[in-house]
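Quick note: the sequence shown uses my numbering, first residue 1, plus one each step.
Note that beta-carbon positions come from the ideal geometry of N, C-alpha and C, so glycine has one too.
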Amino acid sequence: MAENGPEGGVPLYQLKITLKWSKPQIWRRILVRQDMRLDRLHMVIQSVMPWTNSHLHQFVVGRTAPVYYGVPDPEFGGIESEELNEKRYTLADLAPAVKSKFIYEYDFGDDWLHEVVVEKVLPPDANFKHPVCLTGANACPPEDCGGMGGYYNLLEALANPNHPNHKDLTEWMGGEPWDPERFDLAETNEYLKRLKP
């Protein structure tokens, strides 16, 4: 964990969040406090992609012996499970230094895997009040479209009026046009401002 600054503030992390297997890449660059709890980081990622927080999620650290952080299942009634309670851990616990990385997994059916990398550790800033999105690229896929493979099949069908599924999928999308390159930085930061502190 990085040391607190001379004024006793908390360092800031610049994170890059990339949706794995997306081409062109779907990604966001954000600035958050190093001591942010994982349940809060979950809400930040939901806001910047944006997702609708309609499915389960977890954080995964390590490949050979992965450690999982998430929301404990109340059905286990306090019995130890392999998943650690995300409310008891911070971003710095998962990623203690620059170049540290971990996975944020959302929707265990569609299996949206986000690689989260610490790009920079910045000094404390007394004016920093809430998470900020610095930049990003491309639209987040719609919920429940079948994972990354399903998303690309959806894009193909929407773009081709002669595709056998064009009409059904256009209706499923609400009849609205879909721009896969859409990313609105101002709108994303508005979502972040609405998060409870």
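Taking buried to mean at least 16 other C-beta atoms within 10 Å of its own C-beta, is residue 94 buried or exposed? buried
8 Å Cβ cutoff met for residue 117 and residue 185: Result no, Cβ atoms of residue 117 and residue 185 do not sit closer than 8 Å.
Measuring only from the beta carbon, is residue 169 closer than 7 Å to any heavy atom that is part of the ligand ADP? By its list of ligands, the structure shown contains no ligand whatsoever, and the ligand ADP lies outside what it can speak to.
Exposed unless 16 or more other CB atoms sit within 10 angstroms - verdict on residue 47: Within 10 angstroms of the beta-carbon of residue 47 lie 16 or more other beta-carbons, which makes it buried.
Is it right to say residue 108 is buried, meaning 16 or more other beta carbons lie within 10 angstroms of its own, or is it exposed? exposed
Per-residue burial, residue 18 [other beta carbons within 10 Å of its own, 16 or more giving buried]: buried
Residue range of the beta strand (DSSP E) that includes residue 137: 132–137 is the extent of the beta strand (DSSP E) around residue 137.
Please report how far the alpha carbon of residue 21 lies from the alpha carbon of residue 152, in whole angstroms. 11 Å
Could you spell out where the beta strand (DSSP E) holding residue 16 opens and where it closes? Annotation: the continuous beta strand (DSSP E) that includes residue 16 extends over 12–19.
Using the Cα positions of residue 31 and residue 121, report the straight-line distance between them to the nearest angstrom. 10 Å
Shortest alpha-carbon distance to residue 101 belongs to which of 90, 111 and 115? 115
Should the segment 166–184 be called in touch with the segment 129–149, which here means at least 3 C-beta pairs below 8 Å? Counting C-beta pairs closer than 8 Å gives three or more between the segment 166–184 and the segment 129–149, which meets the contact rule.
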